[in-house]
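Sequential numbering of the sequence shown, starting at 51, is according to the numbering used here. Where a beta carbon is used, it is the ideal one built from N, C-alpha and C, also for glycine. What follows is a set of notes on a single structure, which appears directly below.
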Amino acid sequence: MPVARLARPAALVLSGALLLTGCGSGDSSSDTDTGAAVTLDNCGETVRVESPPERAVSLNQGTTEIMLSLGLADRMAGTATWTDPVMKGLEKANAKVERIADNNPSFERVLDADPDFVAASFVSTLGKGGVATRDQFEKLGVPAYVSPSDCVGKDNDSGGDGARTKALGIDAIHGEVRDLAEVFGVEKRGEQLVADLKERTRKATSGMDASDVTLLYWFANSDSPYMAGCCGAPGVITRALGAKNVFDDTHEEWPQINWETVADRDPDVLVIGDLTRKSQTAESAKKKIEFLESDPVTKNMTAVKKKRYVLLSGQAMNPTIRTVEGVEQVASALREFGLAG
């Protein structure tokens, strides 16, 4: 999602969420928790965790939902930076963990939670201008972890939300699940969660042919809209479906593209973020659709005239475990629109 600016599904997604939480709600005695030290090569830095955390703080919703899905609520001291309601099936677990901030908390507020481990979904969260640098945490003896999906094959120094030097693969998201499961000593839960994610993707895309379908992903802002480039989380969704993103010619994560260019590309389907935050114009899907159907440039687009809208949470448009939710919802919608088998 546009990180510096911060990033509802049907029964299929609910059942998927229950699959996710199932592996985290079991008896931890089924896991091999040796309490051994873990060393990870993480986004170019070495992260060493001497023993499984007991007071972890998750600084972004993506890492939070992985931890909750792994059944780790009782080992979390706080969460922060939310764009959406928590994933379905995780509400009770989430209620047990203090939300220390809706957006980026101060470094001092995080330290007040007395963390023994911090995790973030974005390099910018643990960089200059974010909550604090990884080095600041490390100097206090607090290991700091960043989602590999935000650094592997990505240039975060290119301005804006960064650019992908190679397409993000779903394996980076699976790798994050495995990393966090190893850190907390619940490797079996991690493997079960990965298996569930793979099975959900397989079921959603089985027999699908969407090779003639063009998609556009709109995250936020009606004045200078943020559209997905080729190779982030929306690219994972698009490739899983065998479809095409009309802006797959840009490697920027979330380039701002004018509406005239959007209308000229005239996608078959508009995948739009349904956000609950209020930091940009046209955050909710309702506001986005109102804009699309009234603006003279956009109202004559094919997808608008045929009302081919797919509504996704902000987290489904981020490289998180909810990207699979995005695959499920877009696949289901394409079939409903009669655009794919």
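Same chain, Cβ closer than 8 Å to D273, neighbours up to 5 away in sequence not counted: Result list for D273: T331, in chain order.
Residue range of the alpha helix (DSSP H) that includes R250: E237 to T255
What is the DSSP secondary structure of N295, counted as helix, strand or coil? strand
Minimum C-alpha distance to A284 - residue among S363, L230 and V354: Correcting the residue identity first, residue 284 is Pro in this sequence and not Ala. Closest option to P284, Cα to Cα, is S363.
For a test of your reading of the model: does the CB of V233 fall under 7 Å from any non-hydrogen atom of the ligand NAD? Yes or no. Of ligands this structure carries none, so the ligand NAD is not represented either.
Classify M351 as helix, strand or coil using the three-state DSSP reduction. coil
Beta-carbon proximity of V173 to V196, cut-off 8 Å: yes
Burial state of E115, where buried means 16 or more other Cβ atoms lie within 10 Å: Classification for E115: buried.
Report the partner residues of N154 according to the DSSP bridge assignment. Per DSSP, none; premise fails for N154.
Note down the Cα distance separating L122 from V319, rounded to an integer number of angstroms. 38 Å
Keeping to the same chain, check which residues put their C-beta closer than 6 Å to that of G420; ignore five residues upstream and five downstream. Outside the displayed range of the chain (51 to 391) lies residue 420, so it cannot be described from this structure.
Counted within 10 angstroms of its Cβ, other Cβ atoms place I307 as buried (16 or more) or exposed: buried
Give the straight-line distance between the Cα atoms of W309 and M137, rounded to the nearest whole angstrom. W309 and M137 have their alpha carbons spaced roughly 32 Å apart.
Shortest alpha-carbon distance to V286 belongs to which of V236, P155, V354 and L265? L265
Using the Cα positions of R214 and N295, report the straight-line distance between them to the nearest angstrom. 15 Å
Tell me which residue opens and which closes the beta strand (DSSP E) that T396 is part of. This structure cannot speak to residue 396, because the chain is shown only from 51 to 391.
Please classify R98 as buried or exposed, where buried requires at least 16 neighbouring CB atoms within 10 angstroms. R98 comes out exposed.
Residues bridged to N92 by DSSP? E95
Identify, in the order they occur along the chain, each residue of the same chain with its Cβ nearer than 7 Å to the Cβ of G282, setting aside the five sequence neighbours on each side. R214, L218, E303 and P369
Where A313 falls: helix, strand or coil (DSSP): helix
When the distance is taken between beta carbons, is S171 closer than 8 Å to D134? no
DSSP-derived helix/strand/coil call for K204: strand
With DSSP collapsed to three states, give me the class of Q306. strand
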